[in-house]
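> So the sequence shown is numbered by our numbering: it starts at -10 and just counts up by one.
Heads up, the beta-carbon is just placed ideally off N, CA and C, and yes, glycines get one too.
Given the structure is predicted, the values throughout are model-derived calculations rather than measurements.
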Amino acid sequence: MSGNWWKPTSVEQTSLSNLAVNAPAVASSFGGINFEAERAFDGNLQSRWASNSSEGSEPQWIYVDLGTVKKIGSVRLHWEDAYAVKFKIQVSNDGSVWNDVYTESNGSGGVQDIPLNNVQAKYVKMYGTEMGTLYGYSLYEFEVYPPN
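1) Can you give the Cα-Cα distance for TYR134 and LEU8, rounded to whole angstroms?
2) Given TRP64, which residues of its chain have a CB within under 6 Å of its CB, disregarding the five upstream and five downstream residues?
3) Please report the distance separating the alpha-carbon of GLY121 from that of ALA73.
4) Spell out a yes or no on whether the region 85 to 101 and the region 34 to 44 are touching, meaning 3 or more CB-CB pairs, one atom from each, closer than 8 Å.
5) Smallest Cα separation from LEU66: which of VAL10, SER43 and PHE19?
6) Please look up how many angstroms separate the CB atoms of ALA14 and ALA26, rounded, as I've assumed it's under 8 Å.
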């Protein structure tokens, strides 16, 4: 099978359920039709959220509403080529006051697993402050998992 590239079309199931799949989502911007916020939470690695990519458009963010306050053990980000070098994972119980629970200062894209300790929240946000490319931010999937 050398020379063939296989890319999964949906998120692989783990023993823990993704709390964010098909949950309501909001983003600071989106890069056009078919790049809306909910695309990052649909369980499909063929669709994606993409932010506005115009120069000076930082920061950009995307968050999910888990419906109720839940215990969160980790976040997994599936970046498209347009990734964040610097970003924060923030959480909130009311959607207004946000608390930083993780800070990345040297992101390189790909699939990024972020462990979180003793976090409870209704909303979970990726808050991007420095783009890795000129094309904004783009996530195939933004997953939120309960503690093990």
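Short version:
1) Using only the alpha carbons, I get a separation of about 6 Å.
2) Note that residue 64 corresponds to Val in the displayed sequence, not to Trp. Cβ neighbours of VAL64 beyond the five flanking positions: ILE78, ILE103 and VAL133.
3) Annotation: GLY121 to ALA73 spans about 5 Å, alpha carbon to alpha carbon.
4) Counting C-beta pairs closer than 8 Å gives fewer than three between the region 85 to 101 and the region 34 to 44, which falls short of the contact rule.
5) Cα-wise, what sits closest to LEU66 is VAL10.
6) About 4 Å; that satisfies the 8 Å criterion.
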